[in-house]
Amino acid sequence: MAESVKLNPDNIPAHIAIIMDGNGRWAQQRGKPRIMGHRSGVESVQEIVQVSGELGVKVLTLYAFSTENWKRPPIEVQALMGLLKNYLQSELANLIKNDVSLRCLGQKDKIPPEVRQVLEKVIEQTSGNKGLILNLALSYGSRSEMIMAVQELARKCVEDGLDYRQIDEELISAHLYTRGLPDPDLLIRTGGEFRLSNFLLWQISYSEIDVTETLWPDFRKENFLKSIADFQQRQRRFGKTGEQAQATKR
Ligand code: FPP
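First residue of the sequence shown: 28, per the working numbering; consecutive thereafter.
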């Protein structure tokens, strides 16, 4: 792909979420074990984080491990946790240098303690950074996130005197892992499957979706810029007519 993608700097998506799929197929196509695909996928993560920071993206959310991924063969789960730990250890200095703050969306308590410790250290040491917010979705599932929010709201109704009529979109959003962050403007899924895989189901209500055939380890800067360029061609209507949307440009 030629280095020719031109972006409008005034219309960079504030929040980009990515379902990083296709690592296994990438490896299988090369006759390698699946883990080699994940390993190569880490290089894509590094590149996309770097470019996001340079473009001025405010929030990048990467689906690194779902609640369902625990069902994979233990050897693959172990390898993924190992890659995550290495990534966090080796990337800390770079994240600090690039003013990136790391956060985790998901059931942090399910992450093995030796990985969780590193994760918490990186979150803590980057918490004051003011550039890109990098959300790693780890042991994340949208339905379990919603259950957590509903339970907490129910508890507040019973114990704290919250009036159930006060429960609105804003209050629900404020009880999700993504509280305080804008909803994704753009959702990218690599690997060509048209599925949401239990990812940010509440938050992506009005996101633009780009499904690309490119497998995650092959998804690099130029592919990312092309996705954003495609996003910039879309008219976001938020339920309004095209004419209304053009007039109000929300
Ligand atoms: C899906 O590909 C990918 C995953 C389940 C893991 C994604 C993990 C990484 C990119 C590396 C670790 C992440 C970080 C942040 C260091 P798949 O295995 O389902 O691919 P397939 O559909 O081709 O089998």
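Glycine is no exception: its CB is placed at the ideal position from the N, C-alpha and C atoms. As the structure is a prediction and not an experimental result, all values here were calculated from the model.
Near the ligand FPP: residue i beta-carbon under 7 Å from a heavy atom
{"i": "L107", "result": "yes"}
{"i": "Y167", "result": "no"}
{"i": "G218", "result": "yes"}
{"i": "R61", "result": "yes"}
{"i": "V86", "result": "no"}
{"i": "R52", "result": "yes"}
{"i": "G133", "result": "no"}
{"i": "L159", "result": "no"}
{"i": "H202", "result": "no"}
Unbroken alpha helix (DSSP H) run spanning residue i, endpoints
{"i": "E70", "result": "R61 to L82"}
{"i": "A41", "result": "No alpha helix (DSSP H) holds A41; DSSP gives it neither H nor E."}
{"i": "N156", "result": "Careful: N156 lies outside any alpha helix (DSSP H) and carries neither H nor E."}
{"i": "S169", "result": "S169 to E186"}
{"i": "Q273", "result": "G269 to T275"}
{"i": "Q55", "result": "N50 to Q56"}
6 Å CB neighbourhood of residue i in its chain, flanking five on each side removed
{"i": "W53", "result": "G64, L242 and P244"}
{"i": "V278", "result": "Limits of the chain in this structure are 28 at one end and 277 at the other, which puts residue 278 out of reach."}
{"i": "E81", "result": "none"}
{"i": "F83", "result": "Residue identity check: residue 83 is Gly in the sequence provided, not Phe. Excluding sequence neighbours, G83 sits near I39."}
{"i": "M28", "result": "In this prediction, M28 has a pLDDT of 48, which is less than 50 and means its spatial position is unreliable; what the coordinates show is noted afterwards. If we look at M28 and ignore the five residues flanking it on each side, its Cβ neighbours are E249."}
Residues near residue i in its chain [Cβ-Cβ closer than 8 Å; skip 5 each side]
{"i": "A176", "result": "I199, H202 and L203"}
{"i": "G269", "result": "Q262"}
Same chain, Cβ closer than 7 Å to residue i, neighbours up to 5 away in sequence not counted
{"i": "P297", "result": "The structure shown has nothing for residue 297, since the chain only spans 28 to 277."}
{"i": "A274", "result": "none"}
{"i": "L74", "result": "Here residue 74 is Glu; the residue named in the question, Leu, does not match the sequence. For E74, where only same-chain residues beyond five positions count, the Cβ hits under 7 Å are R247 and K248."}
{"i": "S93", "result": "Y167, G168, S224 and N225"}
{"i": "P211", "result": "H42, I43, A44, T88, L227, Q230, I231 and S234"}
Residues that residue i bridges to, as DSSP identifies them
{"i": "L163", "result": "L89 and C131"}
Whole alpha helix (DSSP H) elements within the stretch 77-147, 4-residue minimum: 101-124
Could you give the uninterrupted runs of the beta strand (DSSP E) lying entirely in the stretch 193-248, keeping only those of 3 residues or more? 213-216 and 235-238
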